[in-house]
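Chemist: Sharing a structure, written as structure tokens. Questions coming.
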Amino acid sequence: MFDTAANKLHYESPGGARSNPLLMIDGERFTQIVVDENVFNDIDVMFIGTENGTVLKTYLNTDRSEAQVVEEISLDTNNTKAPVLTMLKSETDQAIFVGTDLGVFKVPFEHCSDFNSRNECLAIVDPYCSWDGSSCVSSGGGEQYLQNGTLYTIFTDPGLKILQSPRNLTRRVNIANQPVNLFLLAEAEAGRNLQVDNGMIPCPPCDSLPFTEYRTTSSGKEYLMLLINGSSSENMTCPCSVVVATDGDFNQTAEFTLTADYSDAVNATETDLNELEDFECQIQGYKDELTDWKEHVGDACSLNNVQVCPAN
438 MFDTAANKLH
448 YESPGGARSN
458 PLLMIDGERF
468 TQIVVDENVF
478 NDIDVMFIGT
488 ENGTVLKTYL
498 NTDRSEAQVV
508 EEISLDTNNT
518 KAPVLTMLKS
528 ETDQAIFVGT
538 DLGVFKVPFE
548 HCSDFNSRNE
558 CLAIVDPYCS
568 WDGSSCVSSG
578 GGEQYLQNGT
588 LYTIFTDPGL
598 KILQSPRNLT
608 RRVNIANQPV
618 NLFLLAEAEA
628 GRNLQVDNGM
638 IPCPPCDSLP
648 FTEYRTTSSG
658 KEYLMLLING
668 SSSENMTCPC
678 SVVVATDGDF
688 NQTAEFTLTA
698 DYSDAVNATE
708 TDLNELEDFE
718 CQIQGYKDEL
728 TDWKEHVGDA
738 CSLNNVQVCP
748 AN
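Under the numbering used here, think of the first position of the sequence shown as 438, with each following residue one higher.
Next up, the structure:
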């Protein structure tokens with residue numbers, strides 16, 4: 438394993454970045470690099486593949502004056518030296534996929550749960566990990582020991598939840614006025630001022646998406662529902678994010694993608710339209726039957742209002 442206490446990577450000032458390497462370490466040649474941005478407090482974590490077949494996990498401190506090596510991860514290559522050829526970050530798997538001549542290896546972003554005590558958790562100086570008072574957790578509230586010996590305390594709002602996130606949708610560029618609607622539902626403790634952070638839903642490089650808010654409170658909770666209009670005229674794929682926040686800068690993020698589809702519009706035939714009309718008539722028939730049934734049950738049981746419960 439790499440001795441993190443004795444080895445550090447050095448970062449030159451921005452003014453000298455063009456003539457000086459960003460990172461240097463004796464005895465290692467770097468082959469690939471993947472960055473996980475803004476893991477904590479604007480800190481970016483870098484996963485660096487080497488010719489020795491290992492992956493360095495490093496991060497730059499907030500003023501970018503010095504880099505810290507968290508660990509050197511050895512791939513399971515049966516002691517065979519296999520240089521890292523490719524690296525791919527997967528947000529879904531929360532891992533880096535590393536390719537060598539011997540195969541593809543999955544390297545998780547973190548393994549915080551391997552550390553059982555507060556001292557162990559803080560000693561690894563890992564931006565992903567914090568001590569919540571009883572265990573070493575990833576992205577949770579608690580203590581975190583990073584850069585320059587600074588002890589941070591991370592605060593979270595356990596009552597803030599995103600109950601429904603927007604789905605990834607396809608926007609058909611060649612179909613005019615196609616509605617693309619997305620929904621988000623968030624919950625917080627009543628009185629926490631639940632809101633969309635900065636009042637924007639950014640989708641760089643596309644424009645921010647417009648949205649309409651609906652609010653309600655019930656049983657000590659406040660709810661925020663967003664109707665998001667994704668019907669943009671921009672002819673590109675747009676990765677978007679919604680950050681909902683409460684007082685005290687607590688927040689949760691939902692991410693989704695609007696994919697541009699350039700395929701030609703398909704015109705419905707007369708047969709298609711007839712089938713659609715028949716289907717709508719069938720649906721209306723079912724609705725009429727349901728109304729008649731509810732009235733029949735209400736009359737038989739002397740009930741004024743009969744409701745149908747959704748199936749579990």
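The beta carbon of each residue, even a glycine, is placed where N, CA and C say it ideally should be.
Measure the Cβ-Cβ separation of Ala-532 and Val-544 and say whether it is below 8 Å.
Modeler: Going by C-beta atoms, Ala-532 is nearer than 8 Å to Val-544.
Chemist: Using the Cβ count rule (16 or more neighbours within 10 Å means buried), how would you classify Ala-737?
Modeler: Answer is exposed; the Cβ neighbour count stays below 16.
Chemist: Let me know the secondary structure DSSP gives Thr-708 once reduced to three states.
Modeler: Correct three-state label for Thr-708: helix.
Chemist: Ordered along the chain, which non-local residues of its own chain (more than five positions away) have a Cβ less than 6 Å from that of Ala-454?
Modeler: Low confidence applies to Ala-454: its pLDDT is 43, below 50, so where it sits in the model is not reliable enough to give any reading.
Chemist: Over what stretch of residues does the beta strand (DSSP E) that includes Glu-650 continue unbroken?
Modeler: Element bounds for Glu-650: 648-655.
Chemist: Let's test the definition: count the other Cβ atoms within 10 Å of the Cβ of Trp-730 and tell me whether it reaches 16, buried, or not, exposed.
Modeler: Answer is exposed; the Cβ neighbour count stays below 16.
Chemist: Below 8 Å, how does it come out for the segment 648-656 and the segment 695-709: are there three or more Cβ pairs, yes or no?
Modeler: No contact exists between the segment 648-656 and the segment 695-709.
Chemist: What are the partner residues of Val-471, as DSSP defines its beta bridges?
Modeler: Answer is Phe-484, bridged to Val-471.
Chemist: Buried or exposed: Ile-778, going by 16 or more other Cβ atoms within 10 Å of its Cβ?
Modeler: No statement about residue 778 is possible, as the shown extent of the chain runs from 438 to 749 and does not include it.
Chemist: Asn-635 by DSSP, collapsed to three states: which one?
Modeler: Reduced to three states, the DSSP call for Asn-635 is helix.
Chemist: My guess is that Ser-602 and Phe-693 are in contact by the Cβ rule of under 8 Å, so how many angstroms apart are they, rounded?
Modeler: That pair is a contact at about 7 Å.
Chemist: Return helix, strand or coil for Gly-596, following the three-state DSSP convention.
Modeler: Of the three classes helix, strand and coil, the one that applies to Gly-596 here is coil, per DSSP.
Chemist: Identify, in the order they occur along the chain, each residue of the same chain with its Cβ nearer than 8 Å to the Cβ of Arg-609, setting aside the five sequence neighbours on each side.
Modeler: Gln-615, Asp-698, Ser-700 and Ala-702.
Chemist: Looking only at DSSP bridge pairs, what is Glu-509 linked to?
Modeler: Note: Glu-509 sits in a beta bridge opposite Leu-493.
Chemist: Do you know whose CA, among Met-662, Cys-675, Thr-487 and Asp-481, lies nearest Arg-466's CA?
Modeler: When only C-alpha atoms are compared, the closest one is Thr-487.
Chemist: Could you check if Val-734 is buried or exposed, using at least 16 other CB atoms within 10 Å of its CB as the buried criterion?
Modeler: Exposed, because fewer than 16 other Cβ atoms sit within 10 Å of the Cβ of Val-734.
Chemist: Count the other CB atoms within 10 Å of the CB of Thr-683; is the residue buried (16 or more) or exposed (fewer)?
Modeler: Buried, by the Cβ-count rule.
Chemist: Excluding five sequence neighbours on each side, which residues of the same chain lie with their C-beta closer than 7 Å to the C-beta of Val-476?
Modeler: Cβ neighbours of Val-476 beyond the five flanking positions: Val-482, Pro-564 and Tyr-565.
Chemist: Using the C-alpha atoms, what's the distance from Ala-519 back to Val-507?
Modeler: Approximately 22 Å, taken between the alpha carbons.
Chemist: Between the alpha carbons of Asp-538 and Val-521, how many angstroms are there, rounded?
Modeler: Taking the straight line joining both Cα atoms gives about 8 Å.
Chemist: I'd like the span of the alpha helix (DSSP H) that includes Asn-556, first residue to last.
Modeler: Unbroken alpha helix (DSSP H) run through Asn-556: 555-560.
Chemist: Could you check the C-alpha separation between Asn-444 and Val-471 for me, to the nearest Å?
Modeler: At Asn-444 the pLDDT is 38, less than 50, meaning the model places this residue with poor confidence; the figure from the coordinates comes in the next sentence. Taking the straight line joining both Cα atoms gives about 21 Å.
Chemist: If we call anything under 8 Å between Cβ atoms a contact, is Gly-628 one with Leu-646?
Modeler: No, the Cβ-Cβ distance between Gly-628 and Leu-646 is not below 8 Å.
Chemist: With a cut-off of 8 Å on the beta carbons, I'd call Thr-491 and Leu-512 a contact; round off their distance for me.
Modeler: Sure, about 7 Å apart at Cβ, within 8 Å.
Chemist: Taking the continuous beta strand (DSSP E) assigned at Gly-536, which residues delimit it?
Modeler: Start and end: 532-537.
Chemist: At what residues does the beta strand (DSSP E) containing Leu-522 begin and finish?
Modeler: Premise fails: Leu-522 is in no beta strand (DSSP E) and is neither H nor E.
Chemist: If you reduce the DSSP assignment to three classes, tell me which class Ala-627 lands in.
Modeler: If DSSP states are grouped into helix, strand and coil, Ala-627 belongs with coil.
Chemist: Report the CB separation of Ile-665 from Ile-638 in whole angstroms; it is logged as a contact under 8 Å.
Modeler: Indeed, because the Cβ distance is near 6 Å, the residues count as touching under 8 Å.
Chemist: Skipping 5 residues on each side, what residues in its chain have a beta carbon closer than 8 Å to that of Phe-620?
Modeler: The residues are Gln-601, Pro-603, Met-662, Leu-663, Leu-664 and Ile-665.
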